[in-house]
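For reference, the structure discussed in these notes is given below.
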Amino acid sequence: MNIIIYFLFSIIDIQTALYKFDEGYCEFWYRIPLAHIFSMNEFTIAGDSIIKEYAYEITVYPSEGRDSTQRKGIKIAVIRNNQKDGYIIDCIPLYLPSGAFSYRFIINSGGEKIMKNSEIVVLPDTTLFYTSDIILSSKLARDAHFIRQGIQLFPLLNPVYSNRDTLFSYLEIYGLVPDTLFYEICYQVRDSLSNILFNQKFRRPKYDYKQFDTLSISLSNYSTGRYKLFMEIFEPALDLKIQKECDFEVKEALPDITDEEFAWEIKYLVSEKDYKKFCGLNYVGKIQYLKKFWSKRNYREFENRLIEADKKFSNSFMKGRDTPMGKFYITNGPPDEIKRYGLERIKTPNQYRDGELEKAHELWIYESKGIEVLFTDTDKDGIYESVNIFRLGHQEFMDWLKDRRELEGYLR
0 MNIIIYFLFS IIDIQTALYK FDEGYCEFWY RIPLAHIFSM NEFTIAGDSI IKEYAYEITV
60 YPSEGRDSTQ RKGIKIAVIR NNQKDGYIID CIPLYLPSGA FSYRFIINSG GEKIMKNSEI
120 VVLPDTTLFY TSDIILSSKL ARDAHFIRQG IQLFPLLNPV YSNRDTLFSY LEIYGLVPDT
180 LFYEICYQVR DSLSNILFNQ KFRRPKYDYK QFDTLSISLS NYSTGRYKLF MEIFEPALDL
240 KIQKECDFEV KEALPDITDE EFAWEIKYLV SEKDYKKFCG LNYVGKIQYL KKFWSKRNYR
300 EFENRLIEAD KKFSNSFMKG RDTPMGKFYI TNGPPDEIKR YGLERIKTPN QYRDGELEKA
360 HELWIYESKG IEVLFTDTDK DGIYESVNIF RLGHQEFMDW LKDRRELEGY LR
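Numbering that gives the first Met the number 0 numbers the first residue of the sequence shown as 0 and each following residue consecutively.
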């Protein structure tokens, strides 16, 4: 942008930007939280939406003692109830020559006045070949607050995108020679270390003295950080180049946890009573519950354990996640050691009972937890039930005690 903005004083969070076009025409854009224009009581009284007038006033003072410029008037805002946490975004048209200015901006919605004092510098155009400021927008913006040359934009006064967004840039070019040939424009995106991440050059046909140029860039592969959009426009008929640049920021968007494949399978991690309460919530309540639930837990670990449980313990009757072993595995993770027993003939000193088999057992040892978990194939169907949880070393002692008793009986 050709405009340098210094924030000197602000009572509330007001974002402003001045976009310069041709022949002295500028647009002063502002963004103000709705909470400073409307009260929650007004939403309650009005129901779904309200219409409210507010007064604005901007006074621009030249630094060289020239006459000030003032614009004031009334604007109308229509706000729906579901927008009450959003912002008012609007603009005021101005005509300003090049130079340094200070300004005072006031909004009055009937209560306390909202005021901001700041400074701007409008840089002069030194040749007959020049451009407007770069306007950054989001390609997927739902509301078009800026329409120019038939292009609908949502100006981002503080350009911050997520890596799910598409950056959309708009630039007007003045002083072209419409000789039916082309002008060239090169776009680059550079990171904070000046590495070039995007580099494309286009040849555009010239058809008028004034034209606009736009570009969309997907930010899906951009990580969190600050970037610079750089443009170079070349007019062959004049053998002149113009360079423009502006900054923007990308913040990686966290995936919505409720979209994950197993995010709703919390029955494996909560009590039956808590899961019943969860099932009784409406859809919005369930979404809020899940977001809070997974903010305190490691979803990826849970997902991996659930998949592993299905692989390890599934049978023809049920999925592994629904077996007692699978449920314990999901909650506690894999054991440090597994000991397997059983499926051997029972022998006594006096007789062999051929055909009688012990029930199969598995002992899961969790050294870090200091416990042993004994599972038994009670019905001999391959589904192991949890028998008991002991302190570490208990089952080894019981095995020793059993062997000793059998040996004592044999020696009698």
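Where is the CB? At the ideal position from N, CA and C, for every residue including glycine.
Local conformation of Tyr324 per DSSP, three classes: One detail in the question is off: residue 324 reads as Met in this sequence, not Tyr. Here Met324 sits in helix by DSSP.
Cut-off 6 Å between Cβ atoms - residues of its own chain near Glu56, not counting five sequence neighbours on either side: Closer than 6 Å at Cβ, skipping near neighbours: Lys71, Ile105.
C-alpha gap between Gly332 and Asn303, whole angstroms: In a straight line, the C-alpha of Gly332 is about 10 Å away from that of Asn303.
CA nearest to the CA of Lys51, picked from Ile87, Lys311, Glu26, Tyr18: Cα-wise, what sits closest to Lys51 is Ile87.
Stretch-stretch touch, CB-based, cutoff 8 Å, three pairs: the stretch 206 to 224 with the stretch 184 to 196: Yes: at least three Cβ pairs fall under 8 Å.
Nonlocal neighbours in the same chain, by C-beta distance under 7 Å from Thr223, ignoring five residues either side: The residues are Val249, Lys250, Glu251.
Range of the contiguous alpha helix (DSSP H) that encloses Lys290: Annotation for Lys290: the continuous alpha helix (DSSP H) segment containing it runs 282 to 294.
Nearest residue (CA-CA) to Val121, options Ser108, Lys276, Ser97, Asn107: Comparing Cα-Cα distances from Val121 to each of Ser108, Lys276, Ser97, Asn107, the minimum goes to Ser97.
Bridge-paired residues (DSSP) for Gln14: For Gln14, which the question treats as bridged, DSSP gives the partners Arg30.
Distance between Asp258 and Pro204 (C-alpha atoms, nearest Å): Roughly 45 Å between the two C-alpha positions.
Residues sharing a beta bridge with Ala54, DSSP: As a beta-bridge residue in DSSP terms, Ala54 pairs with Ile73, Asn107.
Terminal residues of the beta strand (DSSP E) in which Asn116 lies: In this chain, the beta strand (DSSP E) harbouring Asn116 covers 113 to 121.
Inter-residue CB distance, Ile49 and Ile113 (contact presumed, cutoff 8 Å): Between Ile49 and Ile113 the beta-carbon gap is near 18 Å, outside 8 Å, which marks them as no contact.
Close-in-space but distant-in-sequence residues of the same chain around Ala308 (CB under 6 Å, 5 per side omitted): Once the five neighbours on either side are set aside, the close Cβ partners of Ala308 are Gly319, Arg320, Gly325, Tyr328, Ile329.
Helix, strand or coil at Ile382 [DSSP, three-state]: The DSSP-derived three-state label of Ile382 is coil.
Simplified DSSP assignment, three categories, for Asn303: Secondary structure of Asn303 (DSSP, three-state): helix.
Three-pair Cβ contact test at 8 Å for the stretch 124 to 131 versus the stretch 192 to 202: The stretch 124 to 131 vs the stretch 192 to 202: no contact.
Test item: CB-CB of Ile119 and Phe100 under 7 Å: A contact, by the Cβ cut-off of 7 Å.
Ile265 (DSSP reduced to helix, strand or coil): Ile265: helix per DSSP, three-state reduction.
C-beta atoms of Asn162 and Leu228 nearer than 7 Å: Using a Cβ distance threshold of 7 Å, Asn162 and Leu228 do not count as a contacting pair.
Own chain, CB closer than 6 Å to Gly381, minus 5 neighbours either side, in chain order: Closer than 6 Å at the Cβ level, and outside the excluded window around Gly381, lie Asn314.
Contact under 7 Å by Cβ, Pro323 with Trp363: Not in contact: Pro323 and Trp363 (Cβ atoms no closer than 7 Å).
Lys275 - DSSP class collapsed to helix/strand/coil: Lys275: helix per DSSP, three-state reduction.
Pro348 classed as buried or exposed, judged by whether at least 16 other C-beta atoms fall within 10 angstroms: Below a pLDDT of 50, predicted positions are generally treated as unreliable, and Pro348, at 43, falls in that range; the measurement from the model is reported next regardless. So Pro348 ends up on the exposed side.
Separation of Ile133 from Ala236, as counted between CA atoms: Roughly 23 Å separates the two Cα atoms.
Limits of the unbroken beta strand (DSSP E) element including Arg339: Element bounds for Arg339: 336 to 340.
Strand pairing of Asp212, partner residues [DSSP]: Within the DSSP bridge table, the entry for Asp212 names Leu170 as partners.
Beta bridge counterpart(s) of Phe128 as assigned by DSSP: In DSSP, Phe128 forms no bridge with anything.
Cβ-Cβ distance between Leu135 and Leu155 below 7 Å: In contact: Leu135 and Leu155 (Cβ atoms closer than 7 Å).
Burial state of Phe37, where buried means 16 or more other Cβ atoms lie within 10 Å: Phe37 comes out buried.
Where the beta strand (DSSP E) containing Gln187 begins and where it ends: Looking at the DSSP string, the run of the beta strand (DSSP E) that includes Gln187 is 181 to 190.
Beta-carbon proximity of Gly85 to Leu152, cut-off 7 Å: Result no, Cβ atoms of Gly85 and Leu152 do not sit closer than 7 Å.
Extent of the continuous beta strand (DSSP E) to which Phe201 belongs: Looking at the DSSP string, the run of the beta strand (DSSP E) that includes Phe201 is 195 to 204.
Proximity of Cys90 and Glu171 at Cβ, strictly below 7 Å: Between Cys90 and Glu171, the C-beta spacing is not below 7 Å.
With 16 other Cβ atoms within 10 Å as the buried cut-off, status of Asp255: Burial is judged here by how many other beta carbons sit within 10 angstroms of a residue's own beta carbon; Asp255 has fewer than 16 and is exposed.
Beta-carbon proximity of Arg390 to Glu361, cut-off 7 Å: Their beta carbons are not under 7 Å apart, which means Arg390 does not touch Glu361 by this criterion.
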